[in-house]
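Visitor: Counting in this note's numbering, the sequence shown runs from 468 upward without gaps.
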Amino acid sequence: MKLKVKDLQYGVVDLNILNGIDAVVDNGEFVGMIGPNGCGKSTMLKCVYRALTPDGGDIELDGRSIRAFSNRELAREMSVMIQENHVEFDMTVMDMVLLGRYAHKKVFSGTDQNDREIAREALSKVGMLEYEERSFLHLSGGEKQRILIARALAQKANFIVLDEPTNHLDIKYQYQIMNVLTKEDVTVFSSVHDLNIAAQYCDKIILLYKGKVVDYGTPEDVITEQNIRDYFGVNAQVTINPITKKVQVYYLP
């Protein structure tokens with residue numbers, strides 16, 4: 468499934484947040500979006516999954532404007548994991564993951580054994596299967612994050628949008644989750660906070676700065692000492708890790 472963003476624009480009052488963004492996420496790619504805080508990453512993702520309505524431009528999914536999809540149609544094609552998940556009432560972990568299955572259900576039909584097997588498979592992938600009867604609200608922030616990723620996986624969509632999926636996770640689970648995502652037969656578009664994780668797992672990188680795409684390409688092309696200095700305001704040494712053969716960033720004091 469291919470995503471194409473064309474001349475995307477969004478602003479509030481007299482502040483332009485996105486300024487004519489063009490971007491492509493090709494079928495089967497894992498594309499990461501990096502940039503300093505406030506550059507527009509979350510705003511762009513919200514436009515992609517229709518939480519916000521752009522002021523201009525268009526977003527296409529396999530050549531069809533996302534504005535043309537019904538909510539249920541879009542949910543079948545695109546699953547989303549966002550940072551802000553305010554749950555007003557408690558539910559079990561299993562019930563939270565099963566929310567990802569509703570796009571595939573007919574009106575008024577409930578979940579069945581197949582849905583539960585899919586949910587358990589997703590929980591197992593993120594290492595949370597033994598938590599299925601636990602209260603979601605009583606989990607830690609990192610545990611909640613893993614459950615929400617399981618919900619996105621259970622949705623069985625062809626395109627996954629993630630807003631900093633490793634946020635709140637310790638090192639072990641950061642890499643576990645990224646390993647899971649890269650093994651799924653899906654297209655992934657994700658904001659990524661950690662440049663080393665972006666370099667390790669992303670096929671392509673979009674560098675966003677002040678609402679504009681200032682660089683795009685492979686991690687080797689984009690995650691450079693010059694870009695880190697110019698757009699993040701930090702000096703760094705960028706090398707190729709001899710074991711992973713991937714870009715490795717060392718930040719300098």
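All C-beta atoms, glycine included, are put in the ideal place defined by N, C-alpha and C.
Excluding sequence positions up to five away, which residues of its chain have a Cβ less than 6 angstroms from the Cβ of K679?
Guide: So the list reads N486, once near-sequence residues are dropped.
Visitor: If you draw a straight line from the alpha carbon of I484 to that of V628, how long is it in whole angstroms?
Guide: Rounded to whole angstroms, I484 to V628 spans 20 angstroms at the Cα level.
Visitor: Would you please state the rounded distance, in angstroms, between the beta carbons of S607 and D557? I believe it to be under 8 angstroms.
Guide: With a Cβ gap of about 15 angstroms, S607 and D557 do not count as contacting.
Visitor: Taking I638 as the reference, give the member of I664, N581 and F536 with the closest Cα.
Guide: Out of I664, N581 and F536, I664 has the C-alpha closest to the C-alpha of I638.
Visitor: Using a 10 Å radius around the Cβ and a threshold of 16 neighbouring Cβ atoms, would you call P709 buried or exposed?
Guide: P709 comes out exposed.
Visitor: Closer than 8 angstroms by C-beta to K592: which residues in its own chain qualify, once you throw out the five before and the five after it? Chain order, please.
Guide: Taken in chain order, the residues that qualify are A617, L620 and V647.
Visitor: So for G523, helix, strand or coil by DSSP?
Guide: In this structure, G523 counts as strand in the three-state DSSP scheme.
Visitor: Between which residues of its own chain and Y698 is the CB-CB distance below 6 angstroms, once the five residues before and five after are set aside?
Guide: Within the same chain, Y698 has close Cβ partners Y676.
Visitor: So what does DSSP say about S537, is it helix, strand or coil?
Guide: Of the three classes helix, strand and coil, the one that applies to S537 here is coil, per DSSP.
Visitor: For the alpha helix (DSSP H) containing R586, list its first residue and its last residue.
Guide: What sits at residue 586 in the sequence shown is Ala, not Arg. From DSSP, the alpha helix (DSSP H) with A586 extends over Q580 to K592.
Visitor: Does T438 pass the burial test, meaning 16 or more other C-beta atoms within 10 Å, or should it be called exposed?
Guide: The structure shown does not extend to residue 438, since the chain is modelled only from 468 to 720, so the question has no answer here.
Visitor: Would you give the residue range spanned by the beta strand (DSSP E) that L675 belongs to?
Guide: From DSSP, the beta strand (DSSP E) with L675 extends over K671 to Y676.
Visitor: Using C-beta distances below 7 angstroms, list every residue in its chain close to D474, excluding the 5 sequence neighbours before and after it, in chain order.
Guide: So the list reads G487, D489, G523 and G524, once near-sequence residues are dropped.
Visitor: Report buried or exposed for L719, applying the criterion of at least 16 other Cβ atoms within 10 angstroms of its Cβ.
Guide: It is exposed - the Cβ of L719 has fewer than 16 other Cβ atoms within 10 Å.
Visitor: Assuming A586 contacts V564 under a Cβ cut-off of 8 angstroms, what Cβ separation, rounded to an integer in Å, is found between them?
Guide: At roughly 4 angstroms, the Cβ-Cβ gap stays under 8 angstroms, so A586 and V564 are in contact.
Visitor: In whole angstroms, what separates the C-alpha of V547 from that of T706?
Guide: So the two alpha carbons sit approximately 33 angstroms from each other.
Visitor: For a test of the three-state rule: what should DSSP assign to A624, helix, strand or coil?
Guide: Of the three classes helix, strand and coil, the one that applies to A624 here is coil, per DSSP.
Visitor: Can you tell me the Cα-Cα spacing of L674 and E584, whole angstroms?
Guide: For L674 and E584, the distance between alpha carbons rounds to 38 angstroms.
Visitor: Here's a check: name, in chain order, each residue in its chain whose Cβ is nearer than 8 angstroms to the Cβ of T691, leaving out the five neighbours to either side.
Guide: For T691, where only same-chain residues beyond five positions count, the Cβ hits under 8 angstroms are V705.
Visitor: Would you kindly report the start and end of the unbroken alpha helix (DSSP H) that includes M511?
Guide: Start and end: K508 to V515.
Visitor: Kindly give me the distance between the Cβ atoms of N625 and H660, rounded to whole angstroms, as I take these residues to be in contact under 8 angstroms.
Guide: With 8 angstroms as the limit, N625 and H660 do not qualify as a contact, their Cβ atoms being about 25 angstroms apart.
Visitor: Would you mind working out which of A703, V681 and G530 sits nearest K469, comparing C-alpha positions?
Guide: Comparing Cα-Cα distances from K469 to each of A703, V681 and G530, the minimum goes to G530.
Visitor: Is Y642 near G609, with beta carbons less than 8 angstroms apart?
Guide: Cβ distance not < 8 angstroms, so Y642 and G609 don't count as in contact.
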